[in-house]
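Participant: Would you mind keeping the following structure in view while I ask a few things?
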Amino acid sequence: QRPRVGSGADPEVMFPVDPTTELGVPANFLPGRGALLVDVGGSPYVYAYSCNTTFWSIQSCGVGRAAWEEAADPAAWSVWSGEGWTSDFTRMEFLFQTIFDGGFTVYWNDAIGAYVAWLPLGANGVGITTAPEPQGPWSRVVTVADPEVDVGDALAHPELGTPGVEYVSIGSGTARTLWEVRYDCEG
1 QRPRVGSGAD PEVMFPVDPT TELGVPANFL PGRGALLVDV GGSPYVYAYS CNTTFWSIQS
61 CGVGRAAWEE AADPAAWSVW SGEGWTSDFT RMEFLFQTIF DGGFTVYWND AIGAYVAWLP
121 LGANGVGITT APEPQGPWSR VVTVADPEVD VGDALAHPEL GTPGVEYVSI GSGTARTLWE
181 VRYDCEG
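With the working numbering, letter number 84 in the sequence shown gets 84, and the count goes up by one each step, no holes.
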């Protein structure tokens with residue numbers, strides 16, 4: 001059973017999509033497109049990464065958070081400014097970039113002891129970056145593969161992985177490939 005997080009007609013939906021906007025997150029979070037909610041195990045907060053188009057097909061992404069028990073209230077959200085958490089959404093610091101409308105994944109990886117972000121980079125392939133906290137500091141994005149097609153989505157499946165092995169679905173449109181990515185947990 002999925003968690004009950006909202007109080008509306010569908011209690012499994014925290015922020016129902018407002019047909020007058022493109023957002024399924026609080027209208028004051030970002031004037032960008034969509035959000036990725038991240039459950040930080042044991043944390044009193046839920047984090048949401050959301051992006052704004054900053055140059056042609058490039059999105060710059062930042063992070064907001066709210067206490068779990070208040071997450072359904074748009075006024076409870078704050079964003080990372082680079083100096084701290086603030087309710088002034090215009091001060092949000094951009095943490096990393098991805099392609100416009102690209103699906104990306106952020107999650108905690110126990111094996112490496114860091115948050116991992118898999119980012120679609122379009123014609124440049126797939127990038128990966130890590131951070132000790134949801135707000136960073138994020139490492140330099142490293143291109144881990146340069147596929148033969150533009151990558152529109154890089155969706156990790158940490159629930160399928162084991163220490164040292166990750167599975168990432170990459171692709172664009174209906175063309176998808178499931179990658180098995182192996183790495184050294186010791187170094």
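Note that the Cβ used here is the ideal one computed from N, Cα and C, for glycine as well. These numbers were taken from a predicted model, which means no experiment stands behind them.
1) Using the beta-carbon count (16 or more within 10 Å), is Asp153 buried or exposed?
2) Could you tell me the alpha carbon to alpha carbon distance between Gln135 and Val106, rounded to whole angstroms?
3) Going by the DSSP bridge assignment, what does Pro44 pair with across the sheet?
4) Taking the alpha-carbon of Gly122 as reference, which of Trp85, Asp150, Asp73 and Cys51 has the nearest alpha-carbon?
5) Which term fits Thr98, buried or exposed, when burial requires 16 or more other beta carbons within 10 angstroms of its beta carbon?
6) Assuming Ile112 is part of the beta strand (DSSP E), what are its boundary residues?
7) Check whether the region 43-54 and the region 68-85 are in contact - that is, three or more C-beta pairs closer than 8 Å.
8) Pro74 by DSSP, collapsed to three states: which one?
9) Alpha carbon to alpha carbon, how far is Asn109 from Leu178?
10) DSSP state of Arg217, grouped into three classes?
11) Are the beta-carbon atoms of His157 and Ser139 separated by less than 8 Å?
12) In this structure, how does DSSP classify Glu69 when only helix, strand and coil are distinguished?
13) Work out the CA separation of Trp118 and Leu155 for me, nearest whole Å.
14) According to DSSP, Ser60 sits in a beta bridge with which residue or residues?
15) Using a Cβ-Cβ cut-off of 6 Å (strictly less than) and excluding sequence neighbours within five positions of Gly127, which residues of its own chain qualify?
16) Just reading off the beta strand (DSSP E) that Arg182 is part of, what are its end residues?
17) Might you give, ordered along the chain, the residues of its own chain that have their beta carbon closer than 8 Å to the beta carbon of Gly164, omitting 5 neighbours on each side?
18) Between the Cα of Pro132 and those of Ala145, Gly125, Asn124 and Val116, spot the shortest distance and give me the residue it belongs to.
19) Return the CA-CA distance between Val63 and Glu69, expressed in angstroms with no decimal places.
Facilitator: Reading from the atomic positions:
1) Position 153 of the sequence shown, counting from 1, holds the residue named residue 153. Asp153 is buried by the Cβ-count criterion.
2) As a first step, residue 135 must be located in the sequence shown, where it is residue number 135. As a first step, residue 106 must be located in the sequence shown, where it is residue number 106. Gln135 and Val106: Cα-Cα distance of roughly 11 Å.
3) For the purposes of this step, residue 44 is taken as the residue at position 44 of the sequence shown. DSSP, once it has assigned bridges, lists no residue as partnering Pro44.
4) Along the sequence shown, read from residue 1 onward, the residue named residue 122 stands at position 122. Of the listed residues, the one whose Cα sits closest to Gly122 is Asp150.
5) Taking the sequence shown and counting its residues from 1, the one referred to as residue 98 is at position 98. Buried, by the Cβ-count rule.
6) Counting from one through the sequence shown, the residue named residue 112 turns up at place 112. Per DSSP, Ile112 is not a residue of any beta strand (DSSP E), being assigned neither H nor E.
7) Short answer: they touch.
8) Translated into the one-based positions of the sequence shown, residue 74 becomes position 74. Helix at Pro74.
9) Residue mapping note: residue 109 aligns to position 109 of the sequence shown, counting from 1. Residue mapping note: residue 178 aligns to position 178 of the sequence shown, counting from 1. Counting only the Cα atoms, Leu178 lies some 19 Å from Asn109.
10) Residue 217 is absent from the structure shown; the chain starts at 1 and stops at 187.
11) Sequence index remark: in the sequence shown, residue 157 carries index 157 (1-based). Sequence index remark: in the sequence shown, residue 139 carries index 139 (1-based). Cβ atoms of His157 and Ser139: not closer than 8 Å.
12) As a first step, residue 69 must be located in the sequence shown, where it is residue number 69. In the structure shown, Glu69 sits in a helix (DSSP, three-state: H, G or I).
13) Numbered from 1 along the sequence shown, position 155 holds the residue referred to as residue 155. Numbered from 1 along the sequence shown, position 118 holds the residue referred to as residue 118. Distance between the alpha carbons of Leu155 and Trp118: 7 Å.
14) The residue labelled residue 60 in the question sits at position 60 within the sequence shown. Partner(s): Asn52 and Gln97.
15) Position 127 of the sequence shown, counted from the first residue, corresponds to residue 127. Annotation for Gly127: Leu119, Leu121, Val141 and Thr143 place their beta carbon closer than 6 Å to its own, counting only its chain and skipping 5 residues before and after.
16) Position 182 of the sequence shown holds residue 182. Segment Ala175 to Arg182, the beta strand (DSSP E) holding Arg182.
17) In the sequence shown, the residue the question calls residue 164 occupies position 164. Residues of the same chain with a CB within less than 8 Å of the CB of Gly164, apart from the 5 flanking positions on each side, are Ala111, Arg182, Tyr183, Asp184 and Cys185 in chain order.
18) The sequence position of residue 132 within the sequence shown is 132, counting from 1. Ranked by Cα distance from Pro132, the options Ala145, Gly125, Asn124 and Val116 are led by Val116.
19) Position 63 of the sequence shown, counting from 1, holds the residue named residue 63. Position 69 of the sequence shown, counting from 1, holds the residue named residue 69. Separation of Val63 and Glu69 (C-alpha to C-alpha, rounded to the nearest whole angstrom) is 18 Å.
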